[in-house]
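A.B. asks: Got a structure for you, questions after.
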Amino acid sequence: MHRVLVVDDEPQILRALVISLKARRYEVDTAPDGATALRLAHERHPDAVILDLGLPDMDGTEVIARLRGWMRMPIIVLSARHTSDEKVQALDAGADDYVTKPFGMDELLARLRAAVRRAEPAAAEEDTVIHTADFTVDLAARKIHREGRDIRLTPTEWHLLEVLIRHSGRLVSQRQLLQEVWGPAYGTETNYLRVYMAQLRRKLEADPAHPRHFVTEPGMGYRFER
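Heads up: the sequence shown begins at 400 in the working numbering, then just goes up one per residue.
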């Protein structure tokens with residue numbers, strides 16, 4: 400049974416989430432503000448956190464940053480903030496996913512299940528060999544196999560692919576990708592990402608125009624899906 404910490408100052412949302420999570424056999428702790436959330440996270444060690452950004456005592460991004468200083472559990476942001484900049488700030492602070500209010504409960508719970516699965520320890524082979532429906536990536540050998548042949552990637556394509564795979568299933572912001580692959584000075588060069596993501600899709604996707612594995616979240620970043 401997994402424990403979830405739900406942080407929101409709206410009683411109706413807290414109540415709905417508690418009912419839905421407990422019905423699916425999650426243990427649930429709730430917090431109406433950031434200070435309580437930080438205390439409960441320290442005391443209870445949740446397996447995942449669902450967090451609203453608009454808290455009465457501190458901004459949710461501060462809560463994320465402080466949690467990330469000592470905990471690695473998945474953090475799913477649940478917020479009414481719709482702008483790309485605000486979403487990117489939350490992701491850069493350390494959030495794993497972002498769901499916009501109003502939200503569908505089924506979608507939120509599906510994202511929670513996926514986040515918890517990704518956080519669980521994987522077998523050693525799974526850490527280095529990634530299998531998808533269209534190709535296989537061997538990170539240790541730096542090889543990609545697709546449709547009976549090896550696919551060659553440039554060093555930059557490899558680096559981009561490795562970052563996305565390391566955050567498999569999670570939304571990675573444009574800024575984070577640029578800084579990890581090209582360096583701190585390239586945080587705004589989004590045209591680099593468009594070019595190299597197009598190249599990865601052309602080499603690895605069955606239908607590059609409708610990507611299945613390298614998914615764009617408009618204005619925010621990219622997600623690698625198996």
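In this text, a Cβ means the ideal position worked out from N, Cα and C, and glycines have one as well.
When the Cβ atoms of the segment 594 to 606 are set against those of the segment 551 to 564, are three or more pairs found closer than 8 Å?
C.D. replies: A contact exists between the segment 594 to 606 and the segment 551 to 564.
A.B. asks: How would you label Ala479, buried or exposed, when you count the other beta carbons within 10 angstroms and need 16 or more for buried?
C.D. replies: Looking at its Cβ environment, which holds fewer than 16 other Cβ atoms inside 10 Å, Ala479 is exposed.
A.B. asks: Taking 8 Å as the limit between beta carbons, can you name the residues of its chain near Gln573, skipping five residues before and five after?
C.D. replies: Excluding positions up to five away in sequence, the list reads Val487, Thr589, Leu592, Met619, Gly620 and Tyr621.
A.B. asks: Specify the secondary structure class of Ser572 as computed by DSSP and reduced to three states.
C.D. replies: Strand.
A.B. asks: Please check the pair Leu413 and Thr429, which I expect to be a contact at CB under 8 Å, by giving their CB distance rounded to whole angstroms.
C.D. replies: Rounded, the Cβ-Cβ distance is 5 Å, consistent with contact.
A.B. asks: Would Gly433 pass as a contact of Asp456 if the rule is Cβ separation under 8 Å?
C.D. replies: It is a contact, given that the beta carbons lie within the stated cut-off.
A.B. asks: Spatial neighbours of His544 within its chain, please: C-beta separation below 7 Å, excluding the five flanking residues on both sides.
C.D. replies: Hits under 7 Å: Phe534 and Thr535.
A.B. asks: How about Leu466 and Ile474: do their beta carbons lie closer than 8 Å?
C.D. replies: Contact flag set, yes.
A.B. asks: Can you look up Phe558 in the DSSP assignment and give me helix, strand or coil?
C.D. replies: Reading off the sequence, residue 558 comes out as His, not Phe. DSSP places His558 in helix when its eight states are reduced to three.
A.B. asks: Going by C-alpha to C-alpha distance, which of Gly547, Arg471 and Lys421 sits closest to Leu508?
C.D. replies: Measuring from the Cα of Leu508, the nearest candidate turns out to be Lys421.
A.B. asks: Which residues does DSSP list as the beta-bridge partners of Asp407?
C.D. replies: According to DSSP, Asp407 bridges with nothing at all.
A.B. asks: Give the single residue among Val571, Arg625 and Glu604 whose Cα lies nearest to the Cα of Pro617.
C.D. replies: The shortest Cα separation from Pro617 among Val571, Arg625 and Glu604 belongs to Val571.
A.B. asks: Find the nearest neighbour of Lys500 within the set Leu450, Tyr595 and Glu426, judged by alpha-carbon distance.
C.D. replies: Among Leu450, Tyr595 and Glu426, the Cα nearest to that of Lys500 is on Leu450.
A.B. asks: Have a look at Arg516 and Arg611 and give me their C-alpha separation to the nearest angstrom.
C.D. replies: So the alpha carbons of these two residues sit roughly 20 Å apart.
A.B. asks: Go to Ala430, then tell me how far its beta strand (DSSP E) extends in each direction, as first and last residue.
C.D. replies: It spans Glu426 to Ala430 - the beta strand (DSSP E) in which Ala430 sits, taken as one unbroken run.
A.B. asks: Write down every uninterrupted run of the alpha helix (DSSP H) in the segment 430 to 472 whose length is 4 residues or greater and which is fully enclosed by it, in chain order.
C.D. replies: DSSP runs (the alpha helix (DSSP H)) wholly in the segment 430 to 472: 433 to 443 and 459 to 467.
A.B. asks: Enumerate in chain order the residues of its own chain whose CB-to-CB distance from Ala523 is below 8 Å, with the five nearest sequence positions on each side excluded.
C.D. replies: Low per-residue confidence applies at Ala523: pLDDT is 40, beneath 50, and the placement is therefore not dependable enough to give any value.
A.B. asks: Taking the alpha helix (DSSP H) that Arg593 falls in, what are its first and last residues?
C.D. replies: Run containing Arg593: Thr589 to Leu603, per the alpha helix (DSSP H) assignment.
A.B. asks: Bridge partners of Val498, per DSSP?
C.D. replies: Beta-bridge pairing links Val498 to Leu477.
A.B. asks: Since Arg402 contacts Arg443 with CB under 8 Å, what's their CB separation in whole angstroms?
C.D. replies: So it is a contact: roughly 6 Å between Cβ atoms.
A.B. asks: List the whole-angstrom C-beta distance separating Ala440 from Met470, where the pair is believed to meet the contact cut-off of C-beta under 8 Å.
C.D. replies: That pair is a contact at about 6 Å.
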